[in-house]
Amino acid sequence: MQPKSILITGASSGIGAALALEYAAAGTVLHLGGRRADRLEAVAAQARAAGADVRVRTIDVTDAAAVRAWVLEADDADPLDLVVANAGISAGTSGKAGGEPEDQVRAVFAANVDGVMNTVLPVLPRLQRRGRGQVALMASLAGYRGFPGAPAYCASKAAVKVFGEGLRGTLHASGVRVSVICPGYVRTPMTDANDFPMPFLMDVDRAARIIRRGLERNRPRIAFPWPMALAVTLLQAIPPAWIDPIMRRLPGKATREA
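Here the numbering used here runs 1166 ahead of the position in the sequence shown, where the first position is 1.
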C-alpha cells in the first residue's frame, strides 16, 4: 500500500528532507515538521512542485504538548498512513575534554528518544483503531554498540531501535506496521560536521530510496549500507575486553541537528 498521508519530523534537511521529496507526488499529502522554517519552506516548495499537497509546521520535537497537538491535527485533517519519527541531533566527545557534558547528554536523549515518543505515541491508538498504518523510527547503526566517541548518541539510538523492535510485535495483531531505520554514514548536514573518515558514505537520495523500499516491504529493520551493517553486527559479538582498546582511539562526533 502506498501511503497517501505522511508525517515526517526533521524534514528541513538531511534524510527527512530527502524522504519528503521521495514521497512527493500528486495525490499525496505531506505534513512536514522541523525547527528551521526557511529550510522547511524550501523543501515544501520542491515537494509542491512535484505535485504533493504540503502542510508545514515549525516545531521542536522535545515539546511534547506542541507535537501531540500537531500530530493529532494532521491526523484529523488527513488520516495518517505513515509517520516517520526522524528528527534528532548528533553529538559526541569531539572538542570536549573529559567527555560529554551533562547538558549535552540530556539534550541528545530529549531529541532522539523523547522526540520519537512525542511523535508516535499520540497517534498509535488511532492507527490501532483503524487497523492500519505504519510507523518508522529513525535509529542508527551507531545504536548497535556504544562507541566512546558518542556514548549518548549511541545509547539514544539503541533505545529507539529496541523500542521499535518491541513495538512491532506488540502492534502486529492490530495491523499497524513498525519499522526501525538504521542508517550508516549518509551525506547530510549532520555528517558534514564529522572530520574523520566515514566508510561507505552514501548519498542522501539513495538512502531515501532504500528507506522507502524497505517500508514498502514492511521490513522490521532497514539497516544500510550492508557492509557497515554486517561490520557492526559482528562487532557486537566481540568481547568488550578485546575491542575496547581499539574503540577508545576512535574520534568523537561533533554536534549537529537533523
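No residue lacks a Cβ here, since even glycine has one placed at the ideal position from N, Cα and C.
All figures in this text were calculated on a predicted structure; none of them were measured in a lab.
Assess contact between the stretch 1297 to 1311 and the stretch 1329 to 1342, defined as three or more Cβ pairs (one per stretch) separated by less than 8 Å. Is contact present?
Yes, the stretch 1297 to 1311 touches the stretch 1329 to 1342.
Is it the case that the Cβ atoms of G1330 and A1305 are separated by a distance below 8 Å?
Position 164 of the sequence shown, counted from the start, is the residue given in the question as residue 1330. Position 139 of the sequence shown, counted from the start, is the residue given in the question as residue 1305. It is a contact, given that the beta carbons lie within the stated cut-off.
Using DSSP with H/G/I as helix, E/B as strand and the rest coil, what is A1305?
As a working mapping, residue 1305 is identified with position 139 in the sequence shown. Coil.
In chain order, what residues of the same chain have a beta carbon less than 6 Å from the beta carbon of A1192, not counting five sequence neighbours either side?
Working through the sequence shown from its first residue, we reach residue 1192 at position 26. Here the set comprises G1217.
Thinking V1301 and V1279 are a contact (beta carbons under 8 Å), I'd like their distance in whole angstroms, please.
Locating residue 1301 in the sequence shown gives position 135, where the first residue counts as 1. Locating residue 1279 in the sequence shown gives position 113, where the first residue counts as 1. Wrong, their Cβ atoms sit about 15 Å apart, outside the cutoff.
What did DSSP end up calling V1428 once you bin it into helix, strand or coil?
The displayed coordinates of the chain run from 1167 to 1424. Any statement about residue 1428 would go beyond what the structure contains.
Is V1370 closer than 8 Å to A1184 when the C-beta atoms are compared?
Translated into the one-based positions of the sequence shown, residue 1184 becomes position 18. Translated into the one-based positions of the sequence shown, residue 1370 becomes position 204. Yes.
Under a Cβ-count criterion, where at least 16 other Cβ atoms within 10 Å of its own Cβ denotes burial, should I1404 be classed as buried or exposed?
Sequence index remark: in the sequence shown, residue 1404 carries index 238 (1-based). Exposed, by the Cβ-count rule.
Compare the Cα-Cα distances from A1389 to each of L1400, I1377, R1383 and report the closest residue.
Here the question's residue 1389 lines up with position 223 in the sequence shown. Ranking the options by Cα distance to A1389, first place goes to I1377.
Do A1186 and A1213 come within 8 Å of each other at the CB atom, strictly closer than that value?
The residue given as residue 1213 occupies position 47 in the sequence shown. The residue given as residue 1186 occupies position 20 in the sequence shown. Yes, they are a contact pair.
By DSSP's criteria, L1173 is part of a beta bridge. Which residues make up the other side?
Looking up residue 1173 in the sequence shown gives position 7. For L1173, which the question treats as bridged, DSSP gives the partners H1197, V1249.
Sort out for me which residues DSSP pairs M1368 with in a bridge.
By one-based count along the sequence shown, residue 1368 stands at place 202. According to DSSP, M1368 bridges with V1352.
Runs of 4 residues minimum, wholly inside the stretch 1266 to 1341: which ones carry the alpha helix (DSSP H) assignment?
Those alpha helix (DSSP H) runs which fall completely within the stretch 1266 to 1341 and span 4+ residues are 1268 to 1275, 1281 to 1286, 1290 to 1296, 1317 to 1337.
Applying the criterion that 16 or more other CB atoms from any shown protein chain within 10 Å of the CB defines a buried residue, is H1338 buried or exposed?
Taking the first residue of the sequence shown as 1, we reach residue 1338 at position 172. So H1338 ends up on the exposed side.
Assuming contact is defined by CB atoms lying nearer than 8 Å, are A1273 and V1227 in contact in what I supplied?
Within the sequence shown, the letter at position 107 stands for residue 1273. Within the sequence shown, the letter at position 61 stands for residue 1227. Their beta carbons are not under 8 Å apart, which means A1273 does not touch V1227 by this criterion.
Would the beta-carbon of I1174 fall within 8 Å of that of N1284?
If you number the sequence shown from 1, residue 1174 lands on position 8. If you number the sequence shown from 1, residue 1284 lands on position 118. In this structure, N1284 does not lie closer than 8 Å to I1174 by Cβ.
Quick test of your reading: V1249 and V1289, contact by CB under 8 Å. State the CB separation rounded to the nearest angstrom.
Taking the first residue of the sequence shown as position 1, residue 1249 is located at position 83. Taking the first residue of the sequence shown as position 1, residue 1289 is located at position 123. Rounded, the Cβ-Cβ distance is 6 Å, consistent with contact.
With DSSP as the reference, please indicate the residues paired to R1343 in a beta bridge.
Sequence index remark: in the sequence shown, residue 1343 carries index 177 (1-based). Answer is Q1300, bridged to R1343.
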